[in-house]
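Read the structure below first, then the notes.
Residue numbers (the working numbering): 853 to 1032.
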């Protein structure tokens, strides 16, 4: 059988529920592994670090909210099976025909999904270069400055502050800063 990847649009916030309902139908399908209508379903996610209550927290973010990827054969029976799942809106495509994802798109999406388990999550630093900030803790607390550089791999920010009338660059953890 010719299996391809397709995107299906789902009700917002119900991606994991749709994926688990599809997984249940895959498990319940009595056919052999090479004959199943739907082979697998997944929700591409990526780990990220957010700040909640002043602490760094690891969260899992959906790369494409409102969509689930499925590997299936495109037959009337498979379309009916997928469309009958609660929370599925439609297959993504032009007109009435679902559009399969290109192999390079699939490899990129699956690569991202696999990388997120191995690679270190990226910290999202909520500041922009040139933004005015206030230092809230450390030896430079109560100083104001301007963001010069963002070192996202270290979770640090280089800030230009005025010390004794001269601009001086200091490297600080982004949790020590507050935007104006």
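We put the CB at the ideal spot given by N, CA and C, even for glycine. No experiment lies behind these values; they were computed from the predicted model shown.
When rounded, the separation of the alpha-carbon atoms in residue 999 and residue 977 is 12 Å. Taking each of 903, 963, 917 in turn and checking the Cα distance to residue 859, the smallest one comes out for 917. Using a C-beta cut-off of 8 Å, the segment 906 to 914 makes no contact with the segment 925 to 933, since fewer than three inter-stretch Cβ pairs fall below that distance. Taking every protein chain shown into account, the CB of residue 943 has 16 or more other CB atoms within 10 angstroms, so this residue is buried. Distance check between residue 988 and each of 1017, 951, 906 places 906 closest, using alpha-carbon atoms only.
Shown here for residue 961: same chain residues with a beta carbon closer than 7 Å to its own, the five before and five after excluded, namely 896, 921 in chain order.
Along the segment 856 to 918, the beta strand (DSSP E) occurs as fully enclosed runs of 3 or more residues at 856 to 862, 890 to 894, 897 to 904, 907 to 914, listed in sequence order.
In this structure, the beta-carbon distance from residue 933 to residue 979 does not fall below 8 Å.
The alpha-carbon of residue 868 is positioned some 12 Å away from that of residue 861. By the beta-carbon neighbour count (other beta carbons within 10 angstroms, threshold 16), residue 878 is buried.
In this structure, residue 880 keeps its C-beta atom at 8 Å or more from the C-beta atom of residue 889. Close CB contacts of residue 958 within its chain, under the 7 Å cut and outside five residues either way in sequence, are with 857 (chain order). At the C-beta level, residue 894 and residue 938 stay beyond 8 Å of one another. Of the residues 997, 983, 901, 1016, the one whose Cα lies closest to the Cα of residue 1022 is 997. If you ignore the 5 residues before and after residue 984, its C-beta comes within less than 7 Å of the C-beta of 996, 998, 1032, all in its own chain and listed in chain order. In terms of CA proximity to residue 1020, 1011 leads the group 1026, 1011, 915. CA-to-CA, the gap between residue 981 and residue 990 works out to about 21 Å. Rounded to whole angstroms, the gap between the alpha carbons of residue 885 and residue 947 is 31 Å. If you draw a straight line from the Cα of residue 1018 to the Cα of residue 992, it comes to about 15 Å.
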